[in-house]
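Visitor: In the working numbering, the protein residues as written are 1 to 215.
Cβ coordinates follow ideal geometry from the N, Cα and C atoms, glycine included.
Only a predicted model underlies this, so the values are computations on that prediction, with no experimental measurement involved.
First the structure, then my questions, so here it is.
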Amino acid sequence: METVDPNETLYIQNLNEKIKSDEMRVLLYQLFAQYGTVLEVQTQKQYRMRGQAFVVYDSKEDATNAMRLLQGYSFHGKTLRISYSKVKSDIITKREGTYIPRDHTESSFKRQHFFRKLEEKQAKRRGMQIEMPSNGHAGANHILFIERIDSSIPENVIASLFSLYKGYKEVRMIPEKRVAFIEFDEDFQAAKALEGLNGYKITENCQLIISYAKR
1 METVDPNETL
11 YIQNLNEKIK
21 SDEMRVLLYQ
31 LFAQYGTVLE
41 VQTQKQYRMR
51 GQAFVVYDSK
61 EDATNAMRLL
71 QGYSFHGKTL
81 RISYSKVKSD
91 IITKREGTYI
101 PRDHTESSFK
111 RQHFFRKLEE
121 KQAKRRGMQI
131 EMPSNGHAGA
141 NHILFIERID
151 SSIPENVIAS
161 LFSLYKGYKE
171 VRMIPEKRVA
181 FIEFDEDFQA
191 AKALEGLNGY
201 KITENCQLII
211 SYAKR
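What follows is the structure in structure tokens.
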């Protein structure tokens, strides 16, 4: 049996195929974020591929801890099978300075399918960080502002993500304006959530754009 060195990316198998890709992405984030900083969760929309996913952590230690504690965990009627990914995610290799573009042959495409657009995501995220101050949002405070929310995203999905962070109080969505306000008890708690979720991709078409709300 091939041995894979510990790395930041976990390969998750035996997921419940009946759960849609976008919902599974949120559910996996909720579970795995309890064990460390999750940089990315990638799932497949094709039914035959829904039983697997990749979870990318910020560190090997977090990934190892999560695998140790969640191996065999009963998750929505299925027993999780977790291993280290054979291929490091692009987001990690770029950070390490070892990124090498892969050929887009059919086989290599399948191996890297979940990570092929991370470069675009990072570029967009950098752009968001530059643009936010020009929107007139206030400095650090206990209320966060989310803009350009996809109309298909219900309030409970937003709430479920932010409720993972200590001090979370409530979410107030304004669907017609595609925005939401997330309130925390303290400024530093809001800052932690902003740091962890800004730029997080809930679905293929919805990436969280978060800043501090005006007072």
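I'd like the list of long-range same chain contacts for A159, defined as Cβ closer than 6 angstroms, with 5 residues on each side in sequence excluded.
Guide: Taken in chain order, the residues that qualify are V171.
Visitor: Beta-carbon separation of A219 and Y212 under 8 angstroms?
Guide: The shown model of the chain, from 1 to 215, leaves out residue 219, and the question about it has no answer.
Visitor: Could you confirm whether any beta carbon from chain C is found closer than 8 angstroms to the beta carbon of D150?
Guide: The chain labelled as chain C is not found in the depicted structure, where only one protein chain is given.
Visitor: Can we say the region 76-85 touches the region 39-48, given the rule of at least three CB pairs closer than 8 angstroms?
Guide: Counting Cβ pairs under 8 angstroms, fewer than three are found: no touch.
Visitor: Mapping DSSP to helix, strand and coil, what is S211?
Guide: In the structure shown, S211 sits in a strand (DSSP, three-state: E or B).
Visitor: Helix or strand or just coil, what does DSSP make of H113?
Guide: Bear in mind that a pLDDT of 44 at H113, under 50, signals an unreliable position, so the model cannot answer this.
Visitor: To the nearest angstrom, how far is the alpha carbon of R50 from that of S21?
Guide: If I take the Cα positions, the gap works out to 7 angstroms.
Visitor: Quick one: give me the first and last residue of the beta strand (DSSP E) that Y168 is part of.
Guide: Where Y168 is concerned, the enclosing beta strand (DSSP E) stretches over Y168 to I174.
Visitor: Quick check on the burial criterion: 16 or more other C-beta atoms within 10 angstroms. Buried or exposed for V56?
Guide: Buried is the call here.
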